[in-house]
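Data first, discussion second: the structure below is written as structure tokens.
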Amino acid sequence: MWYISTRGLAPRVDFEGALFSGYAPDGGLYVPEELPQLDGETLRQWRSLSYPSLVKELCSLFIGPELIPRDDLNGLIDRAFSRFRHKDVVHLCRLVQGLNVLELWHGVTRAFKDLSLSCTAQFLQYFLEKREKHITVVVGTSGDTGSAAIESVLEAKNVDIIVLLPKGHCSRIQELQMTTVLRENVHVFEVEGNSDQLDMPIKAVFADLPFVEKHNLMSLNSVNWSRVLVQMAHYFFAYFRCAPSLDGCPLPTVEVVVPTGAAGNLAAGCTAQKMGLPIRLVAVVNHNDIIHRAIRQGDFSLSEAVRPSLANAMDIQVPYNMERIFWLLSGSNSQVTRALMEQFERTQSVQLPKELHGKLSEAVTSQSVSDEAIARAMVRCWEENRYLLCPHSAVAVSYHYQQMDGQQPSIPRCCLAPASAAKFPEAVLAAGLTPETPEDILALEHKETRSTSMQREDDWTLMLRDTVEHLSQRWRGGSPSASA
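For the record, in the sequence shown the residue sitting at position 15 is 15 according to UniProt numbering, with numbers rising by one throughout.
Okay, structure coming up:
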């Protein structure tokens with residue numbers, strides 16, 4: 001299995017190369033050169049598999065045994081999920097009114113990012129131990145990615161992690177899950193800006209290829225193909241749990257509702273669909289609606305500003321994984337994808353070509369949900385089920401309720417729930433409900449915190465480069481555990 005850039009100007013790499021790269025050298029994102037096609041017989045065989053077993057099957061299709069032998073791969077994935085709170089790792093909750101909620105948040109930080117990042121960190125560690133190499137991971141977060149990335153590399157001896165979080169734009173708990181980790185390999189920056197703005201210094205640093213190579217830099221954001229790969233399992237698991245029967249032909253279709261911001265999870269769903277999984281995708285966003293406008297009108301352009309919402313982890317205007325989706329749906333056309341993305345980077349506004357827009361709106365439908373609708377969905381789900389939704393899960397459930405109330409004829413539907421309500425007490429209170437806060441989250445308030453401020457007047461790119469250089473020098477000096 002080889003990986004190529006969506007923009008077509010970078011040499012192809014194997015899984016290890018894609019894993020350690022983040023962005024491709026031509027500014028694109030890595031994608032599989034060819035997608036395996038799954039027939040009905042394979043899907044029927046997979047139907048009874050557990051979530052971890054589905055991850056193993058999918059990963060074995062995209063990671064050659066010459067890189068990670070199958071027994072090693074199985075062991076890495078078992079280790080990745082060993083700290084999850086639910087015995088099944090992922091759990092489908094069946095509620096009234098045909099509401100199926102797929103709980104993806106039973107990991108350490110109570111967010112779906114734990115699933116893909118715990119596996120990705122195991123793959124990293126596997127290769128690093130073989131190569132006796134040190135890396136520095138750089139992550140920008142809108143809320144959940146940072147803490148999940150930190151937890152995933154906490155015990156790694158040869159990994160430093162730098163996290164940039166948007167100060168005041170995360171929930172208090174999300175911030176504390178990052179700033180209370182006082183390990184020597186964890187370096188947290190609180191940026192006076194939003195999540196799109198903090199991505200700019202990260203992209204600038206990764207654009208300097210000699211610097212990236214010299215300091216073994218990599219990203220654990222969903223630019224990393226490994227994240228998207230593991231997230232494909234959500235869709236297979238949702239399909240098998242919600243499809244009525246796989247005995248007939250053709251196989252039945254299941255609708256999967258995806259609350260999305262940077263479109264990493266959506267890219268995973270589109271890839272699963274392209275591999276032959278019979279799902280209908282619904283992308284649901286908050287009022288930062290660039291994905292919705294692209295799907296409905298072909299309008300892929302920035303709004304004037306990011307607008308804060310109850311679903312804060314989705315307060316994103318630059319959904320970089322749409323590049324993978326454009327590539328997939330254009331028939332793997334790197335020329336079209338490169339022209340689109342380069343124009344977007346220049347002008348921040350693109351009208352999708354008619355053919356591509358047609359393919360996109362065929363593959364995915366969409367909706368934008370207001371804060372009022374998010375709060376209403378949280379309240380209704382509580383009143384009907386005594387079940388608390390996080391605001392991001394409520395974005396998906398709001399769509400379900402709208403369909404039910406409109407008495408739309410419906411195929412089985414599954415709403416992805418990316419985080420636990422316990423992480424968002426502010427949003428729960430704003431909806432007029434009472435938060436339920438577990439002990440481990442309450443304890444965060446009493447822990448010491450550590451972070452560095454990136455103020456508006458600072459040169460963020462320079463601060464990031466200086467930190468990377470310092471960590472490299474410290475490692476080369478032979479004292480990886482010395483104090484920073």
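Think of the CB as a built atom: it goes at the ideal place given N, C-alpha and C, for glycine as much as any other residue.
- For Thr120, no beta strand (DSSP E) encloses it; the enclosing alpha helix (DSSP H) starts and ends at 113-131.
- When the alpha-carbon of Leu58 is set against those of His234, Val254, Pro201, Phe211, the nearest one is in His234.
- Rounded to the nearest whole angstrom, the C-alpha separation of Glu384 and Val96 is 7 Å.
- As computed with DSSP, Cys414 is found in a beta bridge with Val256.
- Secondary structure within the region 249-298: the alpha helix (DSSP H) runs of 4 or more consecutive residues, fully enclosed, are 264-274, 290-297 (chain order).
- The Cβ atoms of Glu103 and Ala313 do not sit closer than 8 Å to each other.
- The region 357-366 makes contact with the region 325-343; the number of CB pairs closer than 8 Å reaches 3 or more.
- If you look at Pro32, you'll find it in the beta strand (DSSP E) that goes 30-32.
- A distance below 6 Å between beta-carbons, with the five flanking residues on each side excluded, links Val379 to the following residues of its chain, in chain order: Ala431.
- Glu132 has its alpha-carbon roughly 49 Å from the corresponding atom of Leu429.
- By the beta-carbon neighbour count (other beta carbons within 10 angstroms, threshold 16), Asp196 is buried.
- In the pairwise beta carbon analysis, the region 399-414 is classified as touching the region 243-256: at least three pairs are separated by under 8 Å.
- Residue nearest to Met454 within the set Ile279, Arg79, Val191 is Val191 (criterion: CA-CA distance).
- The beta-carbon distance between Pro36 and Tyr3, rounded to whole angstroms, is 14 Å. This is too long to meet the 8 Å contact definition.
- Thr452: member of the beta strand (DSSP E) spanning 452-454, first to last residue.
- Around the CB of Leu115, 16 or more other CB atoms lie within 10 Å, so the residue is classed as buried.
- With the rule of 3 Cβ pairs closer than 8 Å, the region 264-272 does not count as touching the region 339-352.
- Residues Gly28, Leu29, Val31, Glu323, Arg324, Trp327, Ser334, Thr337 of the same chain have their beta carbon placed closer than 7 Å to that of Thr6, with the five preceding and five following residues left out of the count.
- Three or more beta-carbon pairs separated by less than 8 Å link the region 155-163 to the region 106-125, which places the two stretches in contact.
- Closest by C-alpha distance to Val212, out of Lys423, Pro25, Asn185, is Pro25.
- By the beta-carbon neighbour count (other beta carbons within 10 angstroms, threshold 16), Gln177 is buried.
- DSSP places Val138 in the uninterrupted beta strand (DSSP E) bounded by 135-140.
- For Met232, there is no enclosing beta strand (DSSP E); the enclosing alpha helix (DSSP H) has its first and last residue at 225-242.
- Distance from the CA of Trp382 to the CA of Ala238, rounded to the nearest whole angstrom, comes to 22 Å.
- Counting along the chain, the unbroken beta strand (DSSP E) around Arg94 starts and ends at 91-94.
- The Cβ atoms of Ile290 and Leu302 lie closer than 8 Å to each other.
- When Arg296, Asp315, Val228, His134 are compared, the shortest CA-CA separation from Ala272 is found for Val228.
- Beta-bridge annotation (DSSP): Glu190 is paired with Leu165, Ser453.
- Between Val369 and Val284, the C-beta spacing is below 8 Å.
- Nearest to Lys167 by alpha-carbon distance, out of Ser451, Gln407, Asn216, His187, is Ser451.
- The three-state secondary structure of Gln174, taken from DSSP, is helix.
- Annotation for Phe62: Met1, Phe15, Pro32, Leu229 place their beta carbon closer than 7 Å to its own, counting only its chain and skipping 5 residues before and after.
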